[in-house]
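**Student:** This is the structure, below, for whatever I ask next.
Right under this line is the structure:
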C-alpha cells in the first residue's frame, strides 16, 4: 500500500442512514458525515463507552499500521465465496434497504492506495445508489437533500457518471 496526496479520487463505499437523513459509518462511530469534506480521525482504541480518538499518527492519518481513514473500493461488487464477512461484500441489490446505502465517496489529502481500494484523510459523498426493488424511503430522500447528491436507481448509470478512475498516479487500480 502506497501513500499519495490526492484530490478527487473516487471509490465505492457503504453508509448507514441515520434518522433525519444523516450518513453514518456502517460499523463505527455514530458521528454523522458532514455535507462537505470530512476529516478522518483514528478510532483504534476501544473503550467502555465507544470508540475514542487514539491520537495523531507520526505519518498522519491514515497510517499504514492502522485501519484508520475513510475507505473506498476501486471496483464493485467485491464478491467472495461463503458468508458475507464485511459490509463491502454485500450485493448491490441490498442498497437502500435495511438502513444501508451504497454510493460513491471522493477522497482527498493523504491517501493510502491498496489493491482493492483506498483509505483517505478526507472524504465526501458524491452519489448514492438505491436498488430498484427497495421501497421508497424518506430517509434516502433526506440524505439526497442534506448532502446535495444525486440518487440513482440504475447502478451502471451511477458508475458511468461517478465511478472510480482506472488509474491513480499512473498506476492501474481497477479494471
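In the working numbering, the protein residues as written are 155 to 329. Virtual Cβ for every residue (Gly too), placed ideally from N, Cα, C.
Please specify which runs of the beta strand (DSSP E), each continuous and at least 3 residues long, are wholly inside the region 256 to 329, giving them in chain order.
**Tutor:** Taking only runs of at least 3 residues, the beta strand (DSSP E) segments lying wholly in the region 256 to 329 are 271 to 283.
**Student:** DSSP has residue 161 in a bridge; who is on the other side?
**Tutor:** Walking along the chain shown from the start, residue 161 turns up at place 7. DSSP output for residue 161 lists 262 as bridge partner(s).
**Student:** State the Cα-Cα distance for the pair residue 171 and residue 257, rounded to the nearest angstrom.
**Tutor:** Position 17 of the chain shown, counted from the start, is the residue given in the question as residue 171. Position 103 of the chain shown, counted from the start, is the residue given in the question as residue 257. Going by the C-alpha atoms only, they are around 12 Å apart.
**Student:** Closer than 8 Å by C-beta to residue 159: which residues in its own chain qualify, once you throw out the five before and the five after it? Chain order, please.
**Tutor:** The residue given as residue 159 occupies position 5 in the chain shown. Counting only Cβ-Cβ distances below 8 Å, and skipping sequence neighbours, we find 263, 264 and 265.
**Student:** Roughly how many angstroms separate the alpha carbons of residue 164 and residue 218, rounded to a whole number?
**Tutor:** As a position in the chain shown, residue 164 is number 10, starting the count at 1. As a position in the chain shown, residue 218 is number 64, starting the count at 1. Roughly 20 Å between the two C-alpha positions.
**Student:** Expressed to the nearest angstrom, what Euclidean distance is found between the alpha-carbon atoms of residue 306 and residue 212?
**Tutor:** Locating residue 306 in the chain shown gives position 152, where the first residue counts as 1. Locating residue 212 in the chain shown gives position 58, where the first residue counts as 1. Their Cα atoms are separated by approximately 40 Å.
**Student:** Reducing DSSP to helix, strand and coil, say where residue 204 ends up.
**Tutor:** The sequence position of residue 204 within the chain shown is 50, counting from 1. In this prediction, residue 204 has a pLDDT of 49, which is less than 50 and means its spatial position is unreliable; what the coordinates show is noted afterwards. Here residue 204 sits in strand by DSSP.
**Student:** Please name the residue, chosen from 179, 162, 188 and 215, that lies closest to residue 273 on a Cα-to-Cα basis.
**Tutor:** If you number the chain shown from 1, residue 273 lands on position 119. Checked all of 179, 162, 188 and 215; the closest Cα to residue 273 is 215.
**Student:** Starting from residue 172, follow its DSSP beta bridges and name the residues at the other end.
**Tutor:** Against the chain shown, residue 172 aligns to sequence position 18. Its beta-bridge partners are 176.
**Student:** Given a cut-off of 8 Å, decide if residue 277 and residue 303 are closer than it, judged by their beta-carbon atoms.
**Tutor:** In the chain shown, counting from the first residue as 1, residue 303 sits at position 149. In the chain shown, counting from the first residue as 1, residue 277 sits at position 123. Contact flag unset, no.
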